Amino acid sequence: MTGTVYPALLIIGPLLAAILCSGFSWVEKRACYPVAAAGLLLAAYSAFRVLMEVLASGTIQYRMAGWPPPIGIELRIDLMNALVLMVVACIALVNLFASHRFVSRDLADREGTFYAVYLMFVTGILGVSATGDLFNLYVLLEITSLASYALIAMGDPDRSPLASLNYVFIGVIGASFYLLGVGYIYIMTGSLNMVDVASLLPAIHDSSAILIAFIFCMIGVWIKMALFPLHVWLPNAYTYAPLPVSRVIAPLMTKVMVYVMIRLMLTVFGLDYIFEKLDIAQAVVWLATAAILAGGVMALAQKDIKKMATYIIVSEIGYMVGGAWLGNKTGMTGSILHILNDAVMTFALFLAAGNIAFRLKNVHFSSLEGIFTKMPWTMTGFVLAGFSIIGVPPTCGFFSKWYLVIGGIEAGAYHFVAALIISSLICAVLFFRIFEIGFFSDDSHGHGHGHSAGPEMAEAPISMLIPLGITSLFLIGLGLYSGVIVNRIIHPFLG
Amino acid sequence: MDQIVSIKPLLAVLVSMFVIPVLVSSSRKPNVREAWTFAAGAVKFFLVVSMLPAVLNGKEIVLEMFEIAPGASIAFKVDGLGMLFALVASFLWMITTMYSIGYMRGLDEHGQTRFYSFFALAVSATVGAAFSANLLTLYLFYEILSLATYPLVAHHQDQKSKISGRRYLIFILGTSIGLVLPAMLYCYSVTGTLEFTNQGIFQAGQVSKPAMTVLLLMFVLGFAKAGIMPFHSWLPAAMVAPTPVSALLHAVAVVKVGVFSIVRVMTGIFGIDLLSSMNLGTIVAALASVTIIVGSCIALSQDELKRRLAFSTISQLSYIVLGVALLSPNGILGGVIHIVMHAFGKITLFFCAGAIMVATGKKYISQMEGLGKKMPLTFAAFFVGSLGVIGLPPSGGFYSKWFIILGTLESGQMIFMVVLLLSSFLNAFYFLPIVFKGFFPKNTESGSTAPSFVKIEEAPLCCVVPLTITALISIILFFTPDLFIDLIKTALGI
Amino acid sequence: MSDIIPLIVAKYNYWLYIILMMIGLYAMIAKNNLVKKLVGMNIFQTAIILFYVSIGYKTDATIPIIKNAHGGGHGHAAQTIHAADYINPLPHVLMLTAIVVSVATLGVALALAVKVYQRYQTLEEDEIRMRLTENKS
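Protein chains in written order, with the numbering used here: chain A, 1 to 495; chain B, 496 to 989; chain C, 990 to 1126.
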């Protein structure tokens, strides 16, 4: 309840920058990048301050325009969103730095627009993570989605508009379901503030309207996060988007939706309602199991790093949903930890893919021969990201999997445990297949094209390598300090 | 037991990891690069030795780094068992470095910087595994080792090494993720800890016997680096690697990490008492026995020298497992000491195989008749090495077999003694003829070797010196095995 | 059976929104033309907006503007206000935002449809798909 302004700055920073950017795009295009950087730096700094403050003195409630809840809109930041906000702000910032070269080369004519929409996307996603109001969440979610439709459509001119349009259809359905759910909650409680709703709900747990509300909300969120079998929109949308876009949308969008799901489960409906009144947890864990396996199998069929990575995301969504629905603290811990870890490792993977694409123009497997000699540093980052997704210690992916598996064992959900293990194996196959192609250069193939006269160093520019390096270090750092994160942030949050 | 907190174990692990950037940056100056590798090896060995007195005094050196979850942390603990393994690994790294200089330059291999870098990483992981205080840390280093070895196995970057590398990964990574990881997590969720202690982590009655059996088998088979059948076939495949890799990694470091992990799990996670009260040793011993006999038989039929050595390694590794699975003090002693004895014996043999390759380019045993006269020193060392592996005096290998046989007597499982003796005969059958034919060729008409006076054409000095040293040590160990026996006794409290 | 008719009549607003929603959903799934899909999408969103608007309604209530709230009343007016006399303004206000969102979405979607048309000279999905497979081969 401190008078801190950082929660507001967190959102207003990028928002103002977005408006400035769209203004500058008419006047002075070169100013856009610094403005965007300043906005995101402010956001990252605010996120850091917010995290520190939440760690020091507990949940922050920031009243927009001073109206008290439940009437006013409230930003409510506890340990979990503080963590998510930190991740989102940092990834958005790092990606901005990594993307500058790319944007000024491939999107030169739309530079200003790109930065403006990018900042809107970040604003929305930060807002979704910070808000404590159900309807506000919907609006911010739509802001995020609208920005991401536009961003995706900036990609491959052949395919991206159509992919984006399909994403619009699905996105609208998802958001509308969520909105419907909120409507039922409002009918029953007369409130939209999450905490307020949570305090009113226990009295009417048996109402079928609440059940409907819950189901609509969940379906909406699942569509938006691409939980199998509602995932069909995701691979195309993320694949045909320009790389600077897909590497920020891919780690953040789905992860923030998982956050929303957990927020709804924990803060709004409450675990008692979900696990004691309703009898669907088992079914959802089975669904998650199917998602993990299906995502992995579909990833196996891909011949392109980006497309493969999108199916890995589908699989990882299964991890998080399953963990959250196991119904025990360990599983929930694993799920929340995996939001963080998966965001970072997907980001690292896409950063590496971006560096490759910057040089090779595509990331199809067939063009990766001898890539280890050509781009050793990029590939180091790629290997680390791959190991993290496989779950090799000490990278962070191992440790969230650790909690998820133990949660699964505690809950007796052995199918989920088996799926996690099998998924690790599938990911190992996925990545070592790429490593193999990159490690062994097949001469006969190279001569056919005539341009690959022996592998030479063709490393990505330093401005793209440094972000990758930092992210890769984080992969290990987060892994080693996952005990601290769990003990300081996640366990106090779960109580 | 007294515990000393010290950063030394961490340094010992990291020193060879930190040298990698230096190696990469000096990739254009081979001499500087190799000097650095050597220096790192010396520092590492020195660090390990500096911890030796404390360990011999019955103390443990511990260092806790990161706590991941209650009871599961990344932590180091140096006890007798780990010390023994680390001593061997770090010492042999130095020797192997010297040997690889001779070998790699002799054959003018490509990608030498990559080779040395991943070699250093692999050794780091090996020592890390030796100093692990709990199963999580052990698993961590086990995986790092698996992955660091892949570029070494696939070093030649041709079709054959691609297939071998693939097989290597499928077996090693598949088993560790598919079997060890779930078993480990299950143990953790039942007991809440993964710490190695001599009495084991399970309370009586916590896990039923069938579940326990499954767990044990998951561990024993899951640590596929130990080459227990049916997960052994990666090892012969991995022989496509350059010989120094086969020598250090596939006779000492990698395979011994597998065995070491099994030993650690059986003594530290399950505990000898629990295993013997549930009578679970026999099933492991039976698995090991099958591997011993079948491995030896396959070795007999191999003509490529390195493949024969590989199958011999598979069967010898199971000696160690068998010794421990007997669950009697002498059996464990014999098993663990075989880690040392076999290391020196087998590395000598591999060094010899490599030296023959460098000097003459010959890989197949049938081509080696009469070579002994050209390369007397190499073949003499080969003889000593095979004595060590067969277990005959005057070589250290004698002790391991001696203690294991004592162990079978102690535990009253005579059948395993028969296995041991039978396998010794087989060992003799597949090693001694090589030496014999090397010195006394049946038909001396083969071209230039016909004259009675043969010019000595040994491999480069860098190749010959290491194999002489290891052969000598193998003999010295026959006379002074006390250091290692003491280490094991302090570790296991026997 | 006799129960269901009063149920429908009493809650006709819900049934209407459900029917509208299903029409929209049907169009989005089954129609081949992208613009028809967009129309379906808009119907779908409108259905939800109507749902919200209808839940704010109360019988015999008026619009939520309080007479003489400013000046003259000296607070007396506040005492005479009954919540039941005024319809609930909040859902309507929310829907203002939702309408903005849906208009914006429609705008973006139409822009995308234009881009698709420029690229493929058609808005029929099956024809686009045919073009794509042709390009591949």
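Each residue gets a CB set at the ideal place from its N, CA and C atoms; glycine is no exception. Every value quoted in this text rests on a predicted model; they were computed, and no experiment measured them.
key: Environment of H449 (chain A) [buried if 16+ CB atoms lie within 10 Å]   = Confidence is the limiting factor: at H449 (chain A) the pLDDT is only 39, short of 50, which leaves the residue's position unreliable and the question unanswerable from this model.
message = Suppose contacts are defined by Cβ-Cβ distances below 8 Å. Is I339 (chain A) in contact with V258 (chain A) by that definition?
response = yes
request  = Can you give me the Cβ contacts of I590 (chain B) inside the same chain, cut-off strictly under 8 Å, excluding the 5 residues immediately before and after it?
outcome  = I842, P961, I964, T965
query = Among A:L140, A:I390, A:A460, A:E436, which one has its Cα closest to the Cα of Q654 (chain B)?
reply = A:E436
inquiry  = I'd like to know if Y681 (chain B) contacts chain A, where contact means its C-beta is closer than 8 Å to some C-beta of that chain.
reply    = Yes, Y681 (chain B) counts as interfacial toward chain A.
ask   = Can you tell which of A:I11, A:I91, A:L243 has its C-alpha closest to the C-alpha of A353 (chain A)?
value = A check of alpha carbon separations from A353 (chain A) across A:I11, A:I91, A:L243 identifies A:L243 as the nearest.
inquiry  = For F666 (chain B) and F726 (chain B), what's the separation of their Cα atoms in angstroms?
reply    = 7 Å
request  = In the DSSP assignment, find the unbroken beta strand (DSSP E) run with R76 (chain A) in it and report its ends.
outcome  = 74 to 77
ask   = Start and end of the beta strand (DSSP E) containing K572 (chain B)?
value = In the DSSP annotation of this structure, the continuous segment of the beta strand (DSSP E) that includes K572 (chain B) starts and ends at 567 to 573.
request  = Compile a chain-ordered list of the residues in the segment 1103 to 1123 of chain C whose CB is closer than 7 Å to at least one CB of chain A.
outcome  = K1104, V1105, R1108, I1117
ask   = What residues of chain A sit near Y634 (chain B), judged by a beta carbon separation below 8 Å?
value = Residues of chain A passing the Cβ test: P393.
task = Please list, in chain order, all residues of the same chain as V1042 (chain C) whose beta carbon is under 7 Å from its beta carbon, the five residues on each side excluded.
result = Excluding residues within five positions, the ones whose Cβ falls inside 7 Å are P1080, H1081, M1084.
Limits of the alpha helix (DSSP H) - the one that Y953 (chain C) falls within = Residue coverage of chain C in this structure runs from 990 to 1126, which leaves residue 953 (chain C) outside it and unanswerable.
Helix, strand or coil at E444 (chain B) [DSSP, three-state] = No information on residue 444 (chain B) is available, as it lies outside the stretch 496 to 989 that chain B covers here.
task = With DSSP as the reference, label D272 (chain A) as helix, strand or coil.
result = helix
inquiry  = According to DSSP, is Y1046 (chain C) part of a helix, a strand, or is it coil?
reply    = In this structure, Y1046 (chain C) counts as coil in the three-state DSSP scheme.
query = Hey, I832 (chain B) and S424 (chain A): beta-carbon distance below 8 Å or not?
reply = No, these two residues do not count as a Cβ contact at 8 Å.
task = Determine, using beta carbons only, whether Y118 (chain A) comes closer than 8 Å to chain C.
result = no
message = Alpha carbons only, please: which of A:V344, A:I389, A:R159, A:I223 is nearest the one belonging to G296 (chain A)?
response = G296 (chain A) has its Cα closest to that of A:I389, out of A:V344, A:I389, A:R159, A:I223.
task = Closer than 7 Å by beta-carbon distance: list the chain A residues that pair up with A1093 (chain C), in chain order.
result = L146
message = For a cutoff of 8 Å on Cβ pairs, would you count I421 (chain A) as touching chain B?
response = The beta-carbon of I421 (chain A) is placed less than 8 Å from the nearest beta-carbon of chain B.
ask   = Under a three-way DSSP split, which group does S627 (chain B) fall into?
value = strand
query = Expressed to the nearest angstrom, what Euclidean distance is found between the alpha-carbon atoms of G849 (chain B) and T670 (chain B)?
reply = 30 Å
task = Please state if the CB of S164 (chain A) and the CB of A153 (chain A) are separated by a distance shorter than 8 Å.
result = yes
inquiry  = Which runs of the alpha helix (DSSP H) at least 4 residues long sit entirely within the segment 678 to 764 of chain B? Give them in chain order.
reply    = 704 to 717, 729 to 732, 749 to 759
message = Please list, in chain order, the residues of the segment 1039 to 1052 of chain C that have any C-beta partner in chain A closer than 9 Å.
response = F1040, Y1041, I1044
ask   = Does the beta carbon of D78 (chain A) sit closer than 8 Å to a beta carbon anywhere in chain C?
value = Judged by the 8 Å Cβ criterion, D78 (chain A) is not in contact with chain C.
Cβ-Cβ separation, V1105 (chain C) to L1099 (chain C) (assumed contact under 8 Å), whole Å = L1099 (chain C) to V1105 (chain C), Cβ: 10 Å. No contact.
request  = Counting only the same chain and skipping the five closest in sequence on each side, list residues whose C-beta sits under 8 Å from that of I499 (chain B).
outcome  = A549, K554, E555, I556, V557
query = Does DSSP put S444 (chain A) in a helix, a strand or coil?
reply = Low per-residue confidence applies at S444 (chain A): pLDDT is 41, beneath 50, and the placement is therefore not dependable, though the value from the model is reported in the following sentence. Note: S444 (chain A) maps to helix in three-state DSSP.
query = Between the C-alpha atoms of F613 (chain B) and V622 (chain B), what's the straight-line distance to the nearest angstrom?
reply = F613 (chain B) and V622 (chain B) have their C-alpha atoms spaced approximately 14 Å apart.
ask   = Can you tell me where the alpha helix (DSSP H) with E111 (chain A) in it begins and where it stops?
value = 111 to 130
ask   = Using a C-beta cutoff of 8 Å, does L972 (chain B) count as contacting chain A?
value = no
ask   = Does DSSP put I280 (chain A) in a helix, in a strand, or in coil?
value = coil
ask   = By Cβ distance below 7 Å, which residues in the same chain neighbour T608 (chain B) in space, the five residues on each side in sequence not counted?
value = Cβ neighbours of T608 (chain B) beyond the five flanking positions: L518, V519, S522, R528.
query = What residues in its chain sit with their C-beta under 7 Å from that of C520 (chain A), if we drop five residues either side in the sequence?
reply = Limits of chain A in this structure are 1 at one end and 495 at the other, which puts residue 520 (chain A) out of reach.
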